[in-house]
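In this note's numbering, the protein residues as written are 1465 to 1906.
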């Protein structure tokens, strides 16, 4: 083999090209928690009290409230083991961010959250930091300024930052839930933070309002209301309060769902005598029919890419879940078990579909792959469990259940773990139904 010697400048150029190719590659952050691992080990984390460095003494409880909210957010995920404060060794009189990491390593804390605040008449300043105790480095550091009433927002925002630093995925702690409440004697639509706080009634028409759904950007909602005597479809702008009637076709106008682009709405209309699926193009309000048969076709849900929808039809005899392309072609049956399948909801990542099924005399929540394989039941035959809705990260499913008597909102992980009830603030009585989880706040 013959070798050719090149001038030195060519070797220098080649070295620079290789150096830039290697060292300009994006640096992937360490993932501390694999959120997809089944029943994985929980990350031990220490969260000492958040110190008040001055200001109003009467606001001393703000620090404990702030810590409690962060703890609740992290516990909600099922990914953390919050180490008991009784085990902490650090001198509480030490300057807050002058940290001896050995004090935390010896008690087994892999991560540490520390913070300080100053509460004054004109507002609140909070500084929070997340540390890797064994690598002895800060992962996240943030300073927030706001009103004293912003405690929950600040805590949720930092918990989101912590989750993203430790898992590589966004947190869901500033998301919201829509639901229907009958506490007033009518069925009105309400909105609440994901954890049940800051509840607000957003319809007050004294009628029956059903099936609220979020727009992709989270600023508008769809719902069906009987306030004009018939089940018409309405859109409400949450920012301006402006309400628009979208569909008032004769008969049913129900089960509306926004497309991922926000330009179309799928719903069921019975204007021609039979409940069929239609798509409304919002620009020009053009109507496109998807199904055309003798069966009842309801409850559409879009795939994240907007190319397909799943829905419920009894064309096979009993209500089952089908999939159809958004142009009306390629109708495929997905479920074959059970006598009554209902309320399919496509996951944000597109790989799973949640739905409810009448099983042993009770409805339960199930999840299957988007091609209909791999069915897994998430809930037991305790009460009726219906109307699943996905969190925007695809890790949790909220649903309605009567397992404790009156209908309430529950949350469960997509693998069936960590089921818990969402306690709605100042709303102990009445039923809460039709939950809809918001997209990420923009």
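No residue lacks a Cβ here, since even glycine has one placed at the ideal position from N, Cα and C.
Cβ pair count under 8 angstroms reaching 3, the segment 1524-1542 against the segment 1558-1575: Contact check between the segment 1524-1542 and the segment 1558-1575: fewer than three CB pairs, one atom from each, fall below 8 angstroms, which does not count as touching.
Determine the closest residue to residue 1861 out of 1835, 1902, 1871 and 1846, with distance taken between C-alpha atoms. Within the chain shown, numbered from 1, the residue matching residue 1861 stands at position 397. Residue 1902 is the option with its Cα nearest to residue 1861.
Within the segment 1662-1735, note down every full beta strand (DSSP E) run reaching 3 residues or more, in order along the chain. 1673-1678, 1684-1689, 1696-1701, 1707-1711, 1717-1722 and 1728-1733
Tell me, please, whether the segment 1826-1834 touches the segment 1860-1879 by the rule of three or more beta-carbon pairs shorter than 8 angstroms. yes
Report yes or no: do the segment 1778-1789 and the segment 1802-1809 share at least 3 C-beta pairs separated by less than 8 angstroms? yes
Are the C-beta atoms of residue 1758 and some chain B residue less than 8 angstroms apart? As a matter of chain content, chain B is missing from the structure shown, which is built from one protein chain.
Which stretch, first to last residue, makes up the alpha helix (DSSP H) that contains residue 1540? The sequence position of residue 1540 within the chain shown is 76, counting from 1. Its alpha helix (DSSP H) spans residues 1525-1541.
Taking its Cβ as the centre, do 16 or more other Cβ atoms sit within 10 Å of residue 1485, making it buried, or is it exposed? Taking the first residue of the chain shown as 1, we reach residue 1485 at position 21. Note that residue 1485 scores a pLDDT of 40, beneath 50, so its modelled location is shaky; the value from the coordinates is reported in the next line. Residue 1485 should be labelled exposed.
Every unbroken beta strand (DSSP E) within the segment 1585-1628, with a cutoff of 3 residues, ordered by chain: 1587-1596 and 1601-1610
Taking the alpha carbon of residue 1681 as the reference point, which residue from 1786, 1701, 1885 and 1554 has its own alpha carbon closest? Reading the chain shown from its first residue, position 217 is the one you call residue 1681. Residue 1701 is the option with its Cα nearest to residue 1681.
Have a look at the DSSP bridge pairing and note the partners of residue 1854. In the chain shown, residue 1854 corresponds to position 390, counting from 1. Beta-bridge pairing links residue 1854 to 1861.
Rounded C-alpha distance that separates residue 1684 from residue 1722: Your numbering for residue 1684 matches position 220 in the chain shown. Your numbering for residue 1722 matches position 258 in the chain shown. Each residue's Cα considered, the two are about 10 angstroms apart.
Output the boundary residues of the alpha helix (DSSP H) element that contains residue 1816. Counting from 1 along the chain shown, the entry for residue 1816 is found at position 352. Not the alpha helix (DSSP H): residue 1816 falls in the beta strand (DSSP E), residues 1816-1823.
Three-state secondary structure (DSSP) at residue 1759? Taking the chain shown and counting its residues from 1, one reaches residue 1759 at position 295. It is coil, neither helix nor strand.
What distance in whole Å lies between the Cβ atoms of residue 1814 and residue 1769, which are believed to be in contact at a cut-off of 8 angstroms? As a working note, residue 1769 is residue 305 in the chain shown. As a working note, residue 1814 is residue 350 in the chain shown. With a Cβ gap of about 7 angstroms, residue 1769 and residue 1814 count as contacting.
DSSP has residue 1832 in a bridge; who is on the other side? Taking the chain shown and counting its residues from 1, the one referred to as residue 1832 is at position 368. Note: residue 1832 sits in a beta bridge opposite 1817.
Considering only the beta carbon of each residue, do residue 1593 and residue 1578 sit closer than 8 angstroms? For the purposes of this step, residue 1593 is identified with residue 129 of the chain shown, where counting begins at 1. For the purposes of this step, residue 1578 is identified with residue 114 of the chain shown, where counting begins at 1. Cβ atoms of residue 1593 and residue 1578: closer than 8 angstroms.
Roughly how many angstroms separate the alpha carbons of residue 1649 and residue 1875, rounded to a whole number? Walking along the chain shown from the start, residue 1649 turns up at place 185. Walking along the chain shown from the start, residue 1875 turns up at place 411. In a straight line, the C-alpha of residue 1649 is about 25 angstroms away from that of residue 1875.
Within this structure, are the beta carbons of residue 1689 and residue 1716 separated by less than 8 angstroms? Walking along the chain shown from the start, residue 1689 turns up at place 225. Walking along the chain shown from the start, residue 1716 turns up at place 252. No, the pair does not count as a contact, with Cβ atoms beyond the cut-off.
With DSSP collapsed to three states, give me the class of residue 1578. Position 114 of the chain shown, counting from 1, holds the residue named residue 1578. Judged by DSSP in its simplified three-state form, residue 1578 adopts strand.
Is residue 1696 closer than 8 angstroms to residue 1712 when the C-beta atoms are compared? Numbered from its first residue, the chain shown carries residue 1712 at position 248. Numbered from its first residue, the chain shown carries residue 1696 at position 232. Yes, Cβ-Cβ distance for residue 1712 and residue 1696 is below 8 angstroms.
Let me make sure I understand the geometry here. Which of 1631, 1647 and 1659 has the alpha-carbon closest to that of residue 1638? For the purposes of this step, residue 1638 is taken as residue 174 along the chain shown, with counting starting at 1. Among 1631, 1647 and 1659, the Cα nearest to that of residue 1638 is on 1659.
Which of the three DSSP states is assigned to residue 1630 in this structure? By one-based count along the chain shown, residue 1630 stands at place 166. Note: residue 1630 maps to helix in three-state DSSP.
DSSP state of residue 1505 mapped onto helix, strand, coil: For the purposes of this step, residue 1505 is taken as the residue at position 41 of the chain shown. Reduced to three states, the DSSP call for residue 1505 is coil.
Using the three-state DSSP reduction, which class does residue 1807 fall into: helix, strand or coil? In the chain shown, counting from the first residue as 1, residue 1807 sits at position 343. The answer is strand: DSSP assigns residue 1807 an E or B state.
For residue 1708 and residue 1719, which I take to be in contact (beta-carbon distance under 8 angstroms), what is that distance rounded to the nearest angstrom? In the chain shown, counting from the first residue as 1, residue 1708 sits at position 244. In the chain shown, counting from the first residue as 1, residue 1719 sits at position 255. With 8 angstroms as the limit, residue 1708 and residue 1719 do not qualify as a contact, their Cβ atoms being about 18 angstroms apart.
Over the uninterrupted alpha helix (DSSP H) stretch that includes residue 1565, give me the two end residues. Taking the chain shown and counting its residues from 1, the one referred to as residue 1565 is at position 101. Its alpha helix (DSSP H) spans residues 1565-1569.
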